[in-house]
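Protein chains: 4
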Amino acid sequence: MQVLGKTKKDVVTEFRTAEILEAARQVFAEQGFDAATVEDIAARAGVAKGTIYLYYPSKRAIFWAALKSGVLALHEETKQRLAERGTVEDKIRAFIALRVAHFEQNRDFVKIYLSEMGNALMHPAHLHEEFSKLYRESAVLLEPVLEEAVKSNQIRPIDPDAAAFGIFELTRGMVVRRLMGWSKASVEEDTEFVFDLVWKGIANR
Amino acid sequence: MQVLGKTKKDVVTEFRTAEILEAARQVFAEQGFDAATVEDIAARAGVAKGTIYLYYPSKRAIFWAALKSGVLALHEETKQRLAERGTVEDKIRAFIALRVAHFEQNRDFVKIYLSEMGNALMHPAHLHEEFSKLYRESAVLLEPVLEEAVKSNQIRPIDPDAAAFGIFELTRGMVVRRLMGWSKASVEEDTEFVFDLVWKGIANR
Amino acid sequence: MQVLGKTKKDVVTEFRTAEILEAARQVFAEQGFDAATVEDIAARAGVAKGTIYLYYPSKRAIFWAALKSGVLALHEETKQRLAERGTVEDKIRAFIALRVAHFEQNRDFVKIYLSEMGNALMHPAHLHEEFSKLYRESAVLLEPVLEEAVKSNQIRPIDPDAAAFGIFELTRGMVVRRLMGWSKASVEEDTEFVFDLVWKGIANR
Amino acid sequence: MQVLGKTKKDVVTEFRTAEILEAARQVFAEQGFDAATVEDIAARAGVAKGTIYLYYPSKRAIFWAALKSGVLALHEETKQRLAERGTVEDKIRAFIALRVAHFEQNRDFVKIYLSEMGNALMHPAHLHEEFSKLYRESAVLLEPVLEEAVKSNQIRPIDPDAAAFGIFELTRGMVVRRLMGWSKASVEEDTEFVFDLVWKGIANR
DNA sequence: AATGAATGAGCATTCATTCAT
DNA sequence: AATGAATGAATGCTCATTCAT
Numbered sequence: 105m106q107v108l109g110k111t112k113k114d115v116v117t118e119f120r121t122a123e124i125l126e127a128a129r130q131v132f133a134e135q136g137f138d139a140a141t142v143e144d145i146a147a148r149a150g151v152a153k154g155t156i157y158l159y160y161p162s163k164r165a166i167f168w169a170a171l172k173s174g175v176l177a178l179h180e181e182t183k184q185r186l187a188e189r190g191t192v193e194d195k196i197r198a199f200i201a202l203r204v205a206h207f208e209q210n211r212d213f214v215k216i217y218l219s220e221m222g223n224a225l226m227h228p229a230h231l232h233e234e235f236s237k238l239y240r241e242s243a244v245l246l247e248p249v250l251e252e253a254v255k256s257n258q259i260r261p262i263d264p265d266a267a268a269f270g271i272f273e274l275t276r277g278m279v280v281r282r283l284m285g286w287s288k289a290s291v292e293e294d295t296e297f298v299f300d301l302v303w304k305g306i307a308n309r
Numbered sequence: 105m106q107v108l109g110k111t112k113k114d115v116v117t118e119f120r121t122a123e124i125l126e127a128a129r130q131v132f133a134e135q136g137f138d139a140a141t142v143e144d145i146a147a148r149a150g151v152a153k154g155t156i157y158l159y160y161p162s163k164r165a166i167f168w169a170a171l172k173s174g175v176l177a178l179h180e181e182t183k184q185r186l187a188e189r190g191t192v193e194d195k196i197r198a199f200i201a202l203r204v205a206h207f208e209q210n211r212d213f214v215k216i217y218l219s220e221m222g223n224a225l226m227h228p229a230h231l232h233e234e235f236s237k238l239y240r241e242s243a244v245l246l247e248p249v250l251e252e253a254v255k256s257n258q259i260r261p262i263d264p265d266a267a268a269f270g271i272f273e274l275t276r277g278m279v280v281r282r283l284m285g286w287s288k289a290s291v292e293e294d295t296e297f298v299f300d301l302v303w304k305g306i307a308n309r
Numbered sequence: 105m106q107v108l109g110k111t112k113k114d115v116v117t118e119f120r121t122a123e124i125l126e127a128a129r130q131v132f133a134e135q136g137f138d139a140a141t142v143e144d145i146a147a148r149a150g151v152a153k154g155t156i157y158l159y160y161p162s163k164r165a166i167f168w169a170a171l172k173s174g175v176l177a178l179h180e181e182t183k184q185r186l187a188e189r190g191t192v193e194d195k196i197r198a199f200i201a202l203r204v205a206h207f208e209q210n211r212d213f214v215k216i217y218l219s220e221m222g223n224a225l226m227h228p229a230h231l232h233e234e235f236s237k238l239y240r241e242s243a244v245l246l247e248p249v250l251e252e253a254v255k256s257n258q259i260r261p262i263d264p265d266a267a268a269f270g271i272f273e274l275t276r277g278m279v280v281r282r283l284m285g286w287s288k289a290s291v292e293e294d295t296e297f298v299f300d301l302v303w304k305g306i307a308n309r
Numbered sequence: 105m106q107v108l109g110k111t112k113k114d115v116v117t118e119f120r121t122a123e124i125l126e127a128a129r130q131v132f133a134e135q136g137f138d139a140a141t142v143e144d145i146a147a148r149a150g151v152a153k154g155t156i157y158l159y160y161p162s163k164r165a166i167f168w169a170a171l172k173s174g175v176l177a178l179h180e181e182t183k184q185r186l187a188e189r190g191t192v193e194d195k196i197r198a199f200i201a202l203r204v205a206h207f208e209q210n211r212d213f214v215k216i217y218l219s220e221m222g223n224a225l226m227h228p229a230h231l232h233e234e235f236s237k238l239y240r241e242s243a244v245l246l247e248p249v250l251e252e253a254v255k256s257n258q259i260r261p262i263d264p265d266a267a268a269f270g271i272f273e274l275t276r277g278m279v280v281r282r283l284m285g286w287s288k289a290s291v292e293e294d295t296e297f298v299f300d301l302v303w304k305g306i307a308n309r
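Written as C-alpha cells, this is what we have:
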C-alpha cells in the first residue's frame, strides 16, 4: 500500500537512515573518524551493530554521508541565496553570514568537516577525490558573483577564483575562531568583520 | 665527561632524535597519523622499532614533536622578521610571504599541520590543549604589529586579534590552494594577492 | 480437507521443500558449505530468507537434506538395478556405470558430496554420524552381490566388504578424475576401465 | 654469530614455525578449516594470537603450509622408494604400503588432507590451483613405473595414467576405511588386499 | 504462511607497546 | 643503548537465526 509514493518500508528506511546519520554525526564530531567505532554509532543510534550495515555499506560510507549531507545542504542554501536579487555587497555578506550561522547551528557537522578537510585534502587514500571536489565547489560558489562584479566595475579587477577562495577561507577561519571560543563578538559582528576586511581591506584611506 | 655542556650521550640523543623526527615527518606526511605505523617510521629512520621508544614515549608523542618543531621553527623565523625595522605593510607582507614560502619548502610538514589542525582542534582526546595553544600563537604573532598600526592610525581601527587571525587564515587558505594545485600563479603573485586583499580590500574606490 | 492422503498444505510444503532444495544444491555446489549463505539460497529459490526457516531448521539441515536426497536417490536406483537378474559381472559393471552416469548428470550434487565427504567424515562436530552411515551404506550395496559370488566360486575368496569398498572408491576416484577434466575417455570407456581393473587386475597372465 | 649457517634467530624461527605448524595440524584436523580459529591454533601452540602472524601471513597460509608439508614429505619418500631397484610388483606394493603407513602415523594430517581434497578440488576460490596440482602429482608418481611395465609386457596394456590414478584412489579409500574404524584387518593385510585387488583383480581364473 | 528488518556473537587481522637479551 | 620477538586489545564486517507484522 502506497501513500504519496512512499511505502511504509520507505518511511522506516528513511527514519533509520536519518537516525543513524544523526548518531554518526555526534560520534564522529566527538571522536573523529578513526577513534569512532561502528559500535559507538550503533549504541548512540540505539540499534545493533549489524543494523548499521543494513543502511550503510561501511564505516567510511557513513562518515561520507554525514559529511556530504551537511555540505550539500549548505551549498543549496547558498546557491538559492546568491540567486536572489541584491547587490554584490549583499551577496558576499550573505555568503559569509550563511556559513557562520550554519556552522553555529551545526557544530557537530563543522567538527567533522574541519577535521576531515585536513585528512581528506592531504591523504589521497581517503575520500579526497570526492571531498576535494566538494570543498572546491564550496569555495567557488561566489566566483560568478565576483566575476560579474569585476566586469561591471563594482570591484577591483581581481582574480575571481582566488578571491572567492579567499573569502571562503576567511570565513572558515572565523568559524574556527568562534568554535574555539576565541571570539567574544556576536555572530553579526564577526560576520561584518569578515565582510569589512574583504570589502574595504584594512588600509586606512 | 662534559664538553661545552653536552655529554657524548647528549649528542647521540640529539642525533637520534632528529633522525627519527625527520623520518616521522615523511611518514606522517605520506600516510597521515592513523595510517602511519611506528614500524614505518623506524624503518625510514633506519633503526629498530624498540629504539623509537627510547626517544619518544608514544606514537602520538613523535607526531606531536614533528608537528611542534615545524611550527616553532616558523614562529621563530616570523618573530625575528617582524622584529626587524620596517613599515606595517612590509611586516604584513613578510608574515604572509614567510608562510607561503615555508610551506612551499616543507610540504611534508604542511600536510601534517593541516591534517592535524582539524583533528587536534576538534577532538580534545588528542593533542588539542597544546596544539590549539600553538595554533593560536601562530595567529597572534601579527597582533602587536596591527595594534601598533591602529594606534598610529596607519590602519583602520579594527580588532587586532581578529585581523591577525584573518590574515593568518587567509594565508593558510592560499597555501592549501597551492598545495592542491588550484593556483596557477607564482609564489610571489599569490603572496601579493593575499596582501592586497587584506590591505586594500576588494571594493573599487 | 484431505485428498489422497495429502492436504493442500502438504502439497505446498512439498513444493517449497523441493524448490529450496534445488536452490540449495546449486548454491552449495557453486560455493561450498561455508561460503554459501542462506540469503543466497533464498534468493535462488525466489523466497525470503525467513521462509527458508519455515521448512528447514538450520543451514546445516538444508545442506544435509540436499546431500541426503541425492545419495538416497542413487541408493534406490542402485538397489533396484542390483536386484534385477544378471551375472555378477553385469552387476558390478552396472554399479560402476550407474555411479559414473549419475555423477555425470548431477555435477552439482557430486561437488557437494565430494566436498562434504572430507569434512563430514573427519569432523564429528558436523554431520558425521548420519553421513558416515550413508557413506558406508553406499559402499556396501555391492557386498551381498560379492558375498554370493564368493560362495558360488565366481570370484576369488576375498573379503566382500573390503572389495565392495574398493570398487566404490575406485569409482569415486574415476568420477573425480572426470570432474577435474583429467580423463579424455568417454563415460563408457572409463566405466569399462574401472570394471576391468577390478575384474582382471592389471597383471598379465 | 653463525654456527653451521644458522643464526640463533634462524633456530628460533624454525622452532616457532614448527611449533605453530604442529598446533595447526591438530586444530585443523579436529575442527576443519572453517571451524578452526587462529585463536585456537595460538592457544594450542602456547603463543599469543599476534605471534602467529609473525610466522604466517594468514590463516589460509598456515593451513596450506600444514597440508603441503605433509604431502611433500610423502612425495619425497615415495619418489625415493620407487627409485630403488625392484620389480613392478614391489614398487606398486611399496606405493600402497607407504601411503597406508604414512596416513596411519599422521592421522591429523590425513584428516586435513581428506577434508581439503573435497573443498579444494571443488571450489576454485580456495587453494584449488595449487592443491589440485599437488593432488595430481601424488597420483601420477606411479605412472612411469606402470608405463615401463606395460612396455616390458609385465602388465596388461592399460592406460598408465588412469591406472596410477586408480591405485592411488583405491589406497586412499582404504585409508578412509581404516580411519573410520571400518577395517578390522592389520595394516599389512589391508595393504596386501589393495595390492591384490589391483594386481590380480577379483575374477577367479 | 511469508516476510525481511533486526540482532549480536564471532573472527581475522593489525599494531602500539613491552621487555628479555 | 639497541633490538625485534612477543603480546593482546581492539575493531570492521558477516551472517545464521529470530520474530513482529
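Chains as they are written, first to last, in this note's numbering: chain A, 105 to 309; chain B, 105 to 309; chain R, 105 to 309; chain V, 105 to 309. Cβ atoms here follow ideal geometry from the backbone N, Cα and C, with glycine treated the same way.
So the candidates are the options; which of them puts its Cα closest to the Cα of residue i?
{"i": "V298(B)", "options": "E296(A), V302(A), F297(A) and T295(A)", "result": "V302(A)"}
{"i": "T295(V)", "options": "K237(V), E126(V), V214(V) and I196(V)", "result": "I196(V)"}
{"i": "R211(R)", "options": "R129(R), D114(R), D300(R) and V115(R)", "result": "R129(R)"}
{"i": "A122(A)", "options": "R148(A), G190(A), A198(A) and E180(A)", "result": "R148(A)"}
{"i": "E234(A)", "options": "A165(A), F269(A), Q135(A) and A268(A)", "result": "A165(A)"}
{"i": "L186(B)", "options": "S242(B), L274(B), R281(B) and A146(B)", "result": "S242(B)"}
{"i": "G285(A)", "options": "K255(B), S236(B), L274(B) and E273(B)", "result": "S236(B)"}
{"i": "D194(R)", "options": "L176(R), V244(R), Y160(R) and L250(R)", "result": "L250(R)"}
{"i": "E312(B)", "options": "A198(B), R189(B) and G190(B)", "result": "The requested residue 312(B) does not occur in the structure, where chain B is confined to residues 105 to 309."}
{"i": "L176(A)", "options": "S256(A), R240(A), G136(A) and P161(A)", "result": "R240(A)"}
Suppose contacts are defined by Cβ-Cβ distances below 9 Å. Is residue i in contact with residue j by that definition?
{"i": "L158(A)", "j": "F207(A)", "result": "no"}
{"i": "A266(R)", "j": "V192(R)", "result": "no"}
{"i": "G305(V)", "j": "I306(R)", "result": "yes"}
{"i": "V279(R)", "j": "L218(R)", "result": "yes"}
{"i": "L125(V)", "j": "A170(V)", "result": "yes"}
{"i": "F269(V)", "j": "E220(V)", "result": "no"}
{"i": "L274(B)", "j": "E273(A)", "result": "yes"}
{"i": "D300(V)", "j": "I259(R)", "result": "no"}
{"i": "A140(A)", "j": "I156(A)", "result": "no"}
Can you round the beta-carbon distance between residue i and residue j to whole angstroms, since I take them to be within the 8 Å contact cut?
{"i": "L246(B)", "j": "I271(B)", "result": "6 Å"}
{"i": "L238(A)", "j": "K288(A)", "result": "Incorrect: roughly 32 Å between the Cβ atoms, too far for contact."}
{"i": "G174(B)", "j": "F213(B)", "result": "4 Å"}
{"i": "V131(V)", "j": "D114(V)", "result": "The Cβ separation is near 26 Å, so there is no contact."}
Within a Cβ cutoff of 7 Å, which residues of the same chain sit near residue i, ignoring the five residues on either side of it in sequence?
{"i": "V291(B)", "result": "V204, A205 and E208"}
{"i": "V142(B)", "result": "K153, I156 and K163"}
{"i": "P264(R)", "result": "E247, L250, E251 and V254"}
{"i": "V244(V)", "result": "D265 and A268"}
Between residue i and the rest of its own chain, which residues show a CB-CB distance below 6 Å, the 5 nearest in sequence each way excluded?
{"i": "R120(A)", "result": "Y159"}
{"i": "R189(B)", "result": "none"}
{"i": "A133(V)", "result": "D212, K215 and I216"}
Among the residues of its own chain, which have a CB less than 8 Å from the CB of residue i, if the five just before and after it don't count?
{"i": "V107(V)", "result": "In this predicted model, V107(V) has a pLDDT of only 49, less than 50, meaning its place in the structure is not dependable; the value taken from the coordinates is given anyway. Taken in chain order, the list of residues that qualify is empty."}
{"i": "L178(B)", "result": "L202, R203, H206 and S242"}
{"i": "K183(V)", "result": "L245"}
Q: Within the segment 158 to 208 of chain R, note down every full beta strand (DSSP E) run reaching 3 residues or more, in order along the chain.
A: none
Q: Would you mind listing the alpha helix (DSSP H) stretches within the segment 250 to 294 of chain B that are 4+ residues and don't spill past its ends, in chain order?
A: Here the runs fully enclosed are 264 to 283.
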